[in-house]
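Structure, as structure tokens:
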Amino acid sequence: MIMHKELAGGRWFEFSLIEQMANVGADVGRAIKWGKKGDMEKSRQAFDRALELLILTVRDPKYKGTGTLKELCRTKEALVDFFMCDNEYQTTDEIWENYFYHFCYAAALQRGL
């Protein structure tokens with residue numbers, strides 16, 4: 050089931066990498082927050098939204114054949130490992146919050162905030 054129908058219809062590809070990753074990061078942050086509060090259903094829903102946005106980012110034609118695409122795929126793999134598997138990469142809430150913080154900060158700067 051597609052949760053972001055308008056974005057999946059092509060609007061997502063109009064966003065910059067910074068905007069895309071800031072949006073992914075917002076849902077990752079929500080997933081972490083709900084997980085810490087013990088609400089695993091809301092945590093999973095937020096992760097599912099983040100994963101859908103990250104998959105859309107991976108499919109963005111502007112990254113085809115680039116190092117950016119490789120980084121996006123690695124990020125997706127590590128996030129799935131963290132939230133859904135055995136956390137073989139041994140990432141933490143703090144690692145993910147720090148990783149996405151920079152995109153959120155840069156997106157805020159782009160918006161003039």
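For my numbering, count along the sequence shown from 1 and bump the result up by 49. Even glycine gets a Cβ: it sits at the ideal position worked out from N, Cα and C.
Helix, strand or coil at residue i [DSSP, three-state]
i, result
"LEU158", "helix"
Chain-order list of residues whose beta-carbon lies under 8 Å from that of residue i (same chain, five-residue window excluded)
i, result
"ILE67", "PHE152, ALA155, ALA156 and GLN159"
For residue j and residue i, believed in contact at Cβ under 8 Å, the rounded distance
i, j, result
"ASP130", "ARG98", "So it is not a contact: roughly 18 Å between Cβ atoms."
"VAL73", "LEU103", "5 Å"
Option nearest residue i by Cα separation, candidates the options
i, options, result
"TYR112", "ASP88, GLU55, GLY78 and GLN69", "GLN69"
"LYS82", "ASN136, GLU55, ALA95 and LEU128", "ALA95"
"GLU137", "VAL107, TRP145 and GLU126", "GLU126"
"GLU63", "ARG108, GLY78, LEU100 and ASP88", "ARG108"
"GLU146", "TRP61, GLY78 and GLU101", "GLY78"
"CYS122", "GLU101, THR141, ASP142 and ASP135", "GLU101"
"THR124", "GLU90, GLY58, PHE149 and SER65", "PHE149"
"LEU105", "GLY58, GLY161 and LEU162", "GLY58"
Cut-off 7 Å between Cβ atoms - residues of its own chain near residue i, not counting five sequence neighbours on either side
i, result
"SER92", "ALA80, TRP83 and GLY84"
"PHE132", "ALA80 and PHE96"
*Residue ranges of each alpha helix (DSSP H) run of no fewer than 4 residues wholly in the stretch 58 to 146, ordered along the chain?*
66 to 85, 89 to 108 and 116 to 133
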